[in-house]
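If you read the protein sequences in the order shown, they are chains C and P.
One rule links them: number in the numbering used here = place in the first sequence (from 1) + 1.
One rule links them: number in the numbering used here = place in the second sequence (from 1) + 1.
Positions of the beta carbon are idealized from the N, C-alpha and C atoms, including for glycine.
Okay, so here's the structure we're looking at.
2 protein chains.
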Amino acid sequence: MKKPAPEPKPKPKPKTAGRPTGGGALSKSLIAEAALAHIDEFGLGAFSMREIASQLGVYPATVHWHVSTREALLAEVAATVMAQVTPPAGTLAWQAWITELFHRCRAAVRRHPNVAQLLGAQLVSNGSLPTELVEGVLAALAEAGFEGQSLLEAYNCVIAAMLGFLTMEFSPLPADNTQAWAEELRERVHTIRPLDHPVLARNLPLLANKAFIVRWDNGTTVPLDSSFERHIRITIDGLEAFARRVKGV
Amino acid sequence: MKKPAPEPKPKPKPKTAGRPTGGGALSKSLIAEAALAHIDEFGLGAFSMREIASQLGVYPATVHWHVSTREALLAEVAATVMAQVTPPAGTLAWQAWITELFHRCRAAVRRHPNVAQLLGAQLVSNGSLPTELVEGVLAALAEAGFEGQSLLEAYNCVIAAMLGFLTMEFSPLPADNTQAWAEELRERVHTIRPLDHPVLARNLPLLANKAFIVRWDNGTTVPLDSSFERHIRITIDGLEAFARRVKGV
DNA sequence: ACCTGAACACCGTTCAAGT
DNA sequence: ACCTGAACACCGTTCAAGT
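Okay, here's the thing in structure tokens:
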């Protein structure tokens, strides 16, 4: 989460300008790979076009020749992370298929937790997620009996439940002074007055650092496994109730 | 969403250094108000400490004297937006109370959509949300019969459902070239092959720009009202099923 | 206590110029 | 087509100095 060692950043190794022999040492996907590796190691806060450029041994303008924009590069990274999450179609009942999707998606995010904040909270990155994911969820929900307006609603609920939870679970810590901030929040949480907030005070040992809003570590160090499993169950149960109503039972 | 007019930014009106007469022209909350107003008008992308400083007619260092850090200021802003969302306790059944909370929270975010990305996707801002919100949700869920581990799980699911959905609904557009990006995504969506993605292709008129991942406007211009209502229902239904299991019925 | 004025070490992006 | 080298217009934050 902190910047790499502040060595005097060397200019890219001096080479003459112009097209390299063999044509095209760099490419969009190579840059995206480097960016993902860097984000995995140092966090999104330490990511910059210049940093990626210097890691690749080229000038910043070179990166821009390939990817146009910082946001576009991050969208590429997000797409890479989510590339393999969609389960194959037609092998599972819709409830099991959605459950499997949630599990595979969380596994992918746990491999690259620092990209979580891109998936749901940035329209550009969100829009770059694989079309198979969209189709898969829609197909599962169609199998459940949804169509038209109710299909749209069920779809949005599934995507929001999945990406929304992961966005929150892996939301980033402060860029600097992490331990000072954590200490302050921990202090505030442990001095909650039982008279003002009785249920919270009574359940504090169970909730502190494990419940949203009253935690100072994210899912990387304190994963919310059981809550995520519960979120899946609640979503599926709610969808089944919705499906029964739609079918007019 | 775009930067304010690029007039030659005037230095703060020249005044002598030192303590102003009357003591303390500026304060933390005054700065937070100015920041919120600026974010409402120009978006989080146009927010900067220097911009706020120049709008207040002071030097950047002056702002830092009051708020320590950019992240801390944004947390203050997030807390301000969410200050009044928690419904009063003890007047509603737990299902109605949670439903009311969802509605009030979304109303608050719709008044300040550009801060949505702070609420769930930044641990610092998330941790600054009002304690009454936490207590209120816990009290409602305790009334529903949850306690201990199941209370923790139900709580996390409620918060994730609420803030997760809103984070996604109001996730920001690209900082620049918005219309070019939108056009590109629209084009990609409308050339989806029916053979590869049959359900998506068949329902495209209903889904385009209204379903997550396949949209190019956010909730500010295309609100997802019915999906949010459905999300509430699904969450409540799922919680009720969970409560029945917990009670061993 | 509260603010100025300037500096430090960064950013993303653009552009002419090379080969 | 692909890259250099430099520039432009920004950042957040720190710090000595003023009153």
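Going straight from the alpha carbon of residue 200 of chain C to that of residue 80 of chain P, what length do you get? In the first sequence, the residue the question calls residue 200 of chain C occupies position 199. In the second sequence, the residue the question calls residue 80 of chain P occupies position 79. Taking the straight line joining both Cα atoms gives about 21 Å.
In chain P, which residues lie less than 7 Å from residue 143 of chain C when you measure between Cβ atoms? Here residue 143 of chain C is taken as the residue at index 142 of the first sequence, counted from 1. Against residue 143 of chain C, the close residues of chain P are 200, in the order they occur along the chain (beta-carbon pairs closer than 7 Å).
Thinking C-beta only, is residue 146 of chain P closer than 9 Å to residue 242 of chain C? Here the question's residue 242 of chain C lines up with position 241 in the first sequence. Here the question's residue 146 of chain P lines up with position 145 in the second sequence. No. Outside cutoff.
Can you find a CB in chain P that lies within less than 9 Å of the CB of residue 128 of chain C? Translated into positions along the first sequence, residue 128 of chain C becomes position 127. Yes - at least one Cβ of chain P is within 9 Å of the one on residue 128 of chain C.
Counting only beta-carbon atoms, is residue 84 of chain C nearer than 9 Å to chain P? In the first sequence, residue 84 of chain C corresponds to position 83, counting from 1. With a threshold of 9 Å between beta carbons, residue 84 of chain C makes no contact with chain P.
Assigned secondary structure, residue 52 of chain P (DSSP; H/G/I helix, E/B strand, else coil): Start at 1 with the first residue of the second sequence, and residue 52 of chain P comes out as number 51. Helix.
Given a cut-off of 9 Å on the beta-carbon distance, is the pair residue 63 of chain C and residue 54 of chain C in contact? What you label residue 63 of chain C is simply residue 62 of the first sequence in a count that begins at 1. What you label residue 54 of chain C is simply residue 53 of the first sequence in a count that begins at 1. Here residue 63 of chain C is near residue 54 of chain C, since their CB atoms are less than 9 Å apart.
Within this structure, are the beta carbons of residue 84 of chain P and residue 131 of chain P separated by less than 9 Å? Position 83 of the second sequence, counting from 1, holds the residue named residue 84 of chain P. Position 130 of the second sequence, counting from 1, holds the residue named residue 131 of chain P. Yes.
Residues of chain C with CB closer than 8 Å to the CB of residue 115 of chain P, please, in chain order. The residue you call residue 115 of chain P lines up with position 114 of the second sequence. The premise fails here: residue 115 of chain P is roughly 12 Å from chain C at the closest Cβ pair, so nothing lies under 8 Å.
On the criterion of 16 or more Cβ atoms from any shown chain inside 10 Å, does residue 69 of chain C qualify as buried, or is it exposed? Against the first sequence, residue 69 of chain C aligns to sequence position 68. Exposure of residue 69 of chain C is indicated by the presence of fewer than 16 other C-beta atoms within 10 angstroms of its C-beta.
Beta carbon proximity, residue 232 of chain C to chain P, threshold 9 Å: The residue you call residue 232 of chain C lines up with position 231 of the first sequence. The beta carbon of residue 232 of chain C falls within 9 Å of a beta carbon belonging to chain P, placing the residue at that interface.
Can you tell me where the alpha helix (DSSP H) holding residue 156 of chain P begins and where it ends? Taking the first residue of the second sequence as 1, we reach residue 156 of chain P at position 155. Per DSSP, residue 156 of chain P belongs to the alpha helix (DSSP H) from 149-170.
Starting from the Cα of residue 72 of chain P, find the closest Cα among C:179, C:122 and C:32 and give me that residue. Position 71 of the second sequence, counted from the first residue, corresponds to residue 72 of chain P. Scanning C:179, C:122 and C:32 for the CA closest to the CA of residue 72 of chain P turns up C:179.
Where residue 126 of chain C falls: helix, strand or coil (DSSP): Walking along the first sequence from the start, residue 126 of chain C turns up at place 125. Residue 126 of chain C carries a helical assignment under DSSP once its states are collapsed to helix, strand and coil.
Residues near residue 192 of chain C by beta carbon distance below 6 Å, same chain, minus five either side: On the first sequence, residue 192 of chain C is found 191 positions in, with the first residue counted as 1. So no residue of the chain qualifies.
Does residue 156 of chain P get closer than 9 Å to chain C when you measure Cβ to Cβ? Looking up residue 156 of chain P in the second sequence gives position 155. Contact of residue 156 of chain P with chain C is assigned, a C-beta pair being separated by under 9 Å.
Spatial neighbours of residue 182 of chain P within its chain, please: CB distance less than 8 Å, with the 5 preceding and 5 following residues excluded, ordered by chain position. In the second sequence, the residue the question calls residue 182 of chain P occupies position 181. The residues are 174, 175 and 217.
Inter-residue spacing [alpha-carbon to alpha-carbon] between residue 47 of chain C and residue 78 of chain C: Numbered from 1 along the first sequence, position 46 holds the residue referred to as residue 47 of chain C. Numbered from 1 along the first sequence, position 77 holds the residue referred to as residue 78 of chain C. If you take the alpha carbons of residue 47 of chain C and residue 78 of chain C, they lie about 15 Å apart.
Looking at chain C, is there any beta carbon in it that lies within less than 9 Å of the beta carbon of residue 105 of chain P? The residue you call residue 105 of chain P lines up with position 104 of the second sequence. No, because no Cβ of chain C sits closer than 9 Å to the Cβ of residue 105 of chain P.
Residues near residue 50 of chain C in its chain [Cβ-Cβ closer than 8 Å; skip 5 each side]: The residue given as residue 50 of chain C occupies position 49 in the first sequence. Around residue 50 of chain C: 61, 64, 65, 71 and 74.
Chain C residues whose Cβ lies nearer than 9 Å to that of residue 55 of chain P: Along the second sequence, read from residue 1 onward, the residue named residue 55 of chain P stands at position 54. Here the premise fails: no neighbours, minimum Cβ distance about 23 Å.
Quick one: is residue 28 of chain P buried, meaning 16 or more other Cβ sit within 10 Å of its Cβ, or exposed? Translated into the one-based positions of the second sequence, residue 28 of chain P becomes position 27. Residue 28 of chain P sits exposed, since fewer than 16 C-beta atoms from the chains shown fall within 10 Å of its C-beta.
Checking 9 Å against the spacing of the C-beta atoms, do residue 31 of chain P and residue 116 of chain P come in under that value? Along the second sequence, read from residue 1 onward, the residue named residue 31 of chain P stands at position 30. Along the second sequence, read from residue 1 onward, the residue named residue 116 of chain P stands at position 115. Taking 9 Å as the cut-off, the Cβ atoms of residue 31 of chain P and residue 116 of chain P do not count as close.
Count the other CB atoms within 10 Å of the CB of residue 138 of chain P; is the residue buried (16 or more) or exposed (fewer)? Taking the first residue of the second sequence as 1, we reach residue 138 of chain P at position 137. Burial of residue 138 of chain P is indicated by the presence of at least 16 other C-beta atoms within 10 angstroms of its C-beta.
Taking only beta-carbon positions, decide if residue 3 of chain P is within less than 9 Å of chain C. The residue you call residue 3 of chain P lines up with position 2 of the second sequence. Because the pLDDT of residue 3 of chain P is 33, which lies under 50, any placement of that residue in the model is unreliable, and the number read from its coordinates should be weighed accordingly. No, its Cβ sits nowhere closer than 9 Å to a Cβ of chain C.
Span of the alpha helix (DSSP H) holding residue 104 of chain C? For the purposes of this step, residue 104 of chain C is identified with residue 103 of the first sequence, where counting begins at 1. Boundaries of the alpha helix (DSSP H) harbouring residue 104 of chain C: 95-112, taken from the DSSP string.
If the cut is a Cβ gap below 7 Å, which residues of chain C does residue 182 of chain P touch? Start at 1 with the first residue of the second sequence, and residue 182 of chain P comes out as number 181. Here the neighbours are 125.
If contacts are defined as beta-carbon pairs under 8 Å, then residue 232 of chain C and residue 161 of chain C qualify, I think. What distance do you get, rounded to the angstrom? Within the first sequence, the letter at position 231 stands for residue 232 of chain C. Within the first sequence, the letter at position 160 stands for residue 161 of chain C. At roughly 11 Å, the Cβ-Cβ gap does not stay under 8 Å, so residue 232 of chain C and residue 161 of chain C are not in contact.
Starting from residue 211 of chain P, find everything on chain C with Cβ-Cβ shorter than 7 Å and list it in chain order. Within the second sequence, residue 211 of chain P is the residue found at index 210, counting from 1. Chain order gives the chain C residues near residue 211 of chain P as 153, where near means a beta carbon separation below 7 Å.
Between residue 109 of chain C and chain P, is any beta-carbon pair separated by less than 9 Å? Within the first sequence, residue 109 of chain C is the residue found at index 108, counting from 1. At least 9 Å separates the CB of residue 109 of chain C from every CB of chain P.
When DSSP labels each residue in this structure, what does residue 115 of chain P get in the three-state scheme? Stepping through the second sequence from its first residue, residue 115 of chain P is reached at position 114. Residue 115 of chain P: helix per DSSP, three-state reduction.
Of all the CB atoms in chain C, is at least one closer than 9 Å to the CB of residue 43 of chain P? Taking the first residue of the second sequence as position 1, residue 43 of chain P is located at position 42. Taking Cβ atoms only, chain C never reaches closer than 9 Å to residue 43 of chain P, which makes this a no.
Is residue 85 of chain C helix, strand or coil when you go by DSSP? The residue labelled residue 85 of chain C in the question sits at position 84 within the first sequence. Shown here, residue 85 of chain C sits in coil according to DSSP, grouped into three states, outside any helix or strand.
Which same chain residues, not among the five before or five after residue 237 of chain P, have their C-beta less than 6 Å away from its C-beta? The sequence position of residue 237 of chain P within the second sequence is 236, counting from 1. Residues of the same chain with a CB within less than 6 Å of the CB of residue 237 of chain P, apart from the 5 flanking positions on each side, are 96 in chain order.
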